[in-house]
Every structure is written in structure tokens, then in C-alpha cells.
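Trainee: I have a structure here, written as C-alpha cells, and I will follow up with some questions on it.
This is the structure in C-alpha cells:
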């Protein structure tokens with residue numbers, strides 16, 4: 001087994017080696033954060049796609065937090081060493097005599113009796129502290145001289161299943177088709193982080209020895225030994241819940257442009273210009289269609305056709321702008337009175353603003369004609 005005790009000299013040596021590599025990266029990251037905060041656009045509302053990812057992660061967080069509670073279906077029985085305040089070298093009879101006083105009626109259960117029959121050596125006690133009661137009493141292929149057999153019995157149900165479910169949740173929450181492009185930015189990074197978390201859990205299950213890696217008082221049989229299986233039953237789902245909280249936070253700040261804003265690419269800019277051009281062409285096509293419909297209506301109606309022909313015949317005969325040329329709607333009595341009131345400043349019409357609007361309209365309609373004529 002691996003002893004996790006590290007001396008202060010080793011820590012200083014590692015700091016001297018890795019500090020020149022790590023510190024510049026930290027400083028660059030701080031500068032990046034400052035630039036990102038100063039150049040970020042205005043926050044935008046959360047859209048539907050990232051909302052789905054956040055809902056999935058919220059449900060996952062609730063499930064993992066529930067698994068940390070002692071009433072969850074995966075919660076193991078408390079360690080008998082912690083319940084009875086016994087040490088690693090306390091005799092078995094003394095341990096279970098104390099345990100019997102905690103049971104109803106002062107009588108051991110059948111599970112307690114089975115555990116007592118298995119807990120006959122120090123190696124068996126170490127196995128119990130690492131993997132719990134079920135691994136020690138129910139494993140049919142396990143051997144005390146090979147602790148990895150107990151790890152193979154313990155790991156699939158208690159650890160591997162949780163990590164597989166968690167990786168599936170991360171995959172769904174960062175899927176571009178389900179959660180959108182903002183969430184998919186974090187797919188690779190958090191998938192790798194989830195794999196490292198699973199590897200760390202695997203290392204603890206197969207390599208960590210609570211007696212050798214514990215304090216000196218535990219190794220000497222003075223203090224109560226820690227139950228790794230009980231601590232991991234709480235820390236494992238708690239770590240996965242914290243992982244999902246961090247992922248949800250990154251997705252939220254990215255989807256709302258509060259942080260990690262990425263400028264639009266050239267392809268996005270081209271798509272935006274093409275969309276604007278298509279919208280302009282659609283509007284022009286609509287106007288031409290309306291003009292065509294109006295012309296067809298005039299041509300098909302006999303009265304309107306006669307008036308239109310008469311108007312243009314008079315214009316051609318007298319010349320445009322001549323005294324005899326008709327001015328159409330401008331000669332109607334109601335139009336003349338309305339124009340008189342407007343020119344007199346009545347009727348709430350702002351002539352200056354109206355003139356500016358008319359000039360803008362004319363300039364927009366005749367844009368490019370000067371270049372074509374020259």
C-alpha cells in the first residue's frame with residue numbers, strides 16, 4: 001500500500017520545480033479574466049437550449065445530494081468501530097459486547113453475528129474499514145491475502161455505476177443538439193475532469209490503506225480507525241454534486257454572456273450579412289409585388305384605366321409642370337385645406353421634422369443613381 005505522508009521538504013522541492021511553470025499560467029489567466037470582464041457585451045437572457053442543460057444538472061445535483069444522506073438506498077451501515085469507540089486492536093468479544101448494548105433488547109442481529117464470524121484477524125478488520133460489511137460477508141470469491149478481490153467486489157456498484165451515470169449526465173448537458181453551442185464549449189474539458197475524478201476514486205478504492213495512511217495514534221492502536229467506506233459513501237456523491245454545480249455555473253455565465261464571451265467568427269458574420277441581404281431583397285420583392293398588383297388592378301378596372309390614360313395624355317399634350325397639366329390629388333379641396341393648416345402651423349405637424357424625414361426617404365430611394373449617371 002502507498003503511504004500518503006509527505007514531508008515539508010518534499011513540498012518545498014516540488015514548489016521550486018513547478019512554481020516557474022504554474023505561476024505564469026496563473027498570471028495569464030488573471031489577465032484574461034480582467035480583459036474578458038472589460039470587453040464583455042451586455043448580458044442576454046437565458047435561452048431554451050442552455051435552460052434544458054441547467055435543468056438536467058439541477059436534477060442531478062439533487063440526486064447526488066440525496067445519496068449523501070444516511071437514509072439513501074446506497075448508504076452503508078455505520079462502522080462498528082465508530083459506534084463502539086473501539087480501536088483496531090480491540091478484542092472481537094469486547095467490540096461486539098459494546099455493539100450488543102446498542103441493539104434493541106441488547107441482542108446482536110444475524111448480520112452482526114455473521115460479521116463477527118468474519119472479523120477474526122487484523123487483515124479482516126482492514127478490509128472491513130476499506131470496503132464495509134457487505135464486501136467482507138457476501139463476497140464469494142474474495143480472499144484476505146488478496147485485498148484487490150474485495151476491491152473488485154466493492155467498486156462496480158458503489159463507485160463505477162455512479163461515475164458512469166455522472167458522465168452520461170455531463171454528456172447530455174454539454175450536447176450541442178440538446179443544450180446548444182454555449183454548453184457544448186465545455187464538453188471536452190469537463191469530460192476530462194470527470195475522468196480524472198473517476199481515476200482518483202479508483203485510486204482510493206484500490207490503493208488507500210486507512211491504517212498505514214492514518215495518524216500515528218491509529219497505527220499504534222490508540223485512536224479509533226477511520227472507516228473509508230463510510231467517508232467515501234458521503235464524499236463521492238458530494239464531489240459529483242459539486243462538479244455539476246461548477247459545470248452549471250460555467251454554462252450559465254457563458255450562455256448569458258456574463259463571462260467567457262467568444263466573438264462571432266467570420267462564418268457567423270457572413271451569415272449575418274447574408275441574412276440581412278435576404279431580408280432586404282425580400283422587402284424589395286414585396287414592394288415590387290404590391291406595385292405590380294396595383295398596376296394590374298388599374299389596368300383591369302375600366303374607370304381607373306380611363307382616368308390613368310386621360311392623365312398621361314394630358315401630361316404629354318401640355319408638358320409636365322405646365323399650367324394645364326393636372327396635379328391629381330393635390331387639387332382636391334380637402335387636401336388643399338389640410339396643406340393650408342399645416343403650413344400655418346396648425347394640426348400638430350412638425351414641418352422641420354417632416355422635411356428631414358422626407359429628405360431621408362428620398363436619399364434612400366435614390367441612393368446610387370448619381371454613380372450610375374456618371
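In full-length UniProt numbering, the protein residues as written are 1 to 374.
We treat Cβ as the ideally placed atom computed from N, Cα and C, and that holds for glycine.
1) What are the boundary residues of the alpha helix (DSSP H) that residue 201 is part of?
2) Go to residue 171, then tell me how far its alpha helix (DSSP H) extends in each direction, as first and last residue.
3) Classify residue 146 as helix, strand or coil using the three-state DSSP reduction.
4) When burial is assigned at 16 or more other CB atoms within 10 Å of the CB, is residue 69 buried or exposed?
5) Please report the distance separating the alpha-carbon of residue 160 from that of residue 133.
6) With a CB to CB cut of under 7 Å and the five nearest residues on each side skipped, what residues in its chain are close to residue 95?
7) Do residue 375 and residue 162 have their C-beta atoms within less than 9 Å of each other?
8) For residue 166, collect the residues of the same chain with a Cβ closer than 6 Å to its Cβ; drop the 5 residues on either side in sequence, then sort them by chain order.
9) Measuring straight from C-alpha to C-alpha, what distance separates residue 276 and residue 63?
10) Measure the alpha-carbon distance for residue 3 versus residue 212 and round it to whole angstroms.
11) Would residue 137 and residue 122 qualify as a contact pair, given that the criterion is a beta-carbon distance under 9 Å?
12) Going straight from the alpha carbon of residue 318 to that of residue 271, what length do you get?
13) Where do the ends of the alpha helix (DSSP H) carrying residue 97 lie?
14) For residue 116, which residues in the same chain have their Cβ closer than 7 Å to its Cβ, ignoring the five residues on either side in sequence?
15) Is the beta carbon of residue 171 sitting closer than 9 Å to the one on residue 191?
16) Applying the 10 Å Cβ sphere with the 16-neighbour rule, what's the burial state of residue 126?
17) Check whether the Cβ atoms of residue 53 and residue 178 lie closer than 9 Å to each other.
18) Since residue 241 is in the alpha helix (DSSP H), which residue starts that stretch and which ends it?
19) For residue 221, tell me which candidate among 89, 144 and 273 has the shortest Cα-Cα distance.
20) Indicate the three-state DSSP secondary structure (helix, strand or coil) for residue 50 in the structure shown.
21) Can you give the Cα-Cα distance for residue 49 and residue 57, rounded to whole angstroms?
22) Please determine whether the Cβ atom of residue 312 lies at a distance below 8 Å from any heavy atom of the ligand GDP.
23) Specify whether the region 13–24 and the region 143–160 touch according to this definition: at least 3 beta carbon pairs, one from each stretch, less than 8 Å apart.
24) According to the Cβ coordinates, are residue 46 and residue 255 closer than 9 Å?
25) Nearest to residue 193 by alpha carbon, out of 180, 204, 22 and 243?
26) Determine the contact status of residue 237 and residue 114, defining contact as a CB-CB distance below 9 Å.
27) Does residue 27 pass the burial test, meaning 16 or more other C-beta atoms within 10 Å, or should it be called exposed?
28) From 289, 201 and 60, pick the residue whose C-alpha is nearest to that of residue 245; which is it?
29) So what does DSSP say about residue 383, is it helix, strand or coil?
30) Classify residue 153: buried if its beta carbon has 16 or more other beta carbons within 10 angstroms, exposed otherwise.
31) Using CA coordinates, which residue listed in 23, 250 and 74 is at the minimum distance from residue 187?
32) Which residue comes first and which comes last in the alpha helix (DSSP H) that contains residue 84?
Mentor: Taking the definition as stated:
1) 187–207
2) 161–173
3) strand
4) exposed
5) 19 Å
6) 80, 84 and 86
7) Within the shown structure, residues of the chain are numbered from 1 to 374, placing residue 375 beyond reach of any answer.
8) 240
9) 46 Å
10) Because residue 3 carries a pLDDT of 42, less than 50, the predicted location of this residue cannot be relied on, and the following value inherits that uncertainty. Looking at the two C-alpha atoms, the distance is approximately 6 Å.
11) no
12) For residue 318 and residue 271, the distance between alpha carbons rounds to 53 Å.
13) Note, residue 97: alpha helix (DSSP H), 92–102.
14) Around residue 116: 92 and 96.
15) yes
16) buried
17) yes
18) Its alpha helix (DSSP H) spans residues 228–255.
19) 89
20) helix
21) 13 Å
22) Judged by which ligands are present, the structure shown has none, so any question about the ligand GDP falls away.
23) no
24) Cβ distance < 9 Å, so residue 46 and residue 255 count as in contact.
25) 243
26) no
27) exposed
28) If we check each option's Cα against that of residue 245, 60 comes out closest.
29) Given that the chain is displayed from residue 1 to residue 374, the structure contains no residue 383 and the question cannot be resolved.
30) buried
31) 250
32) 80–84
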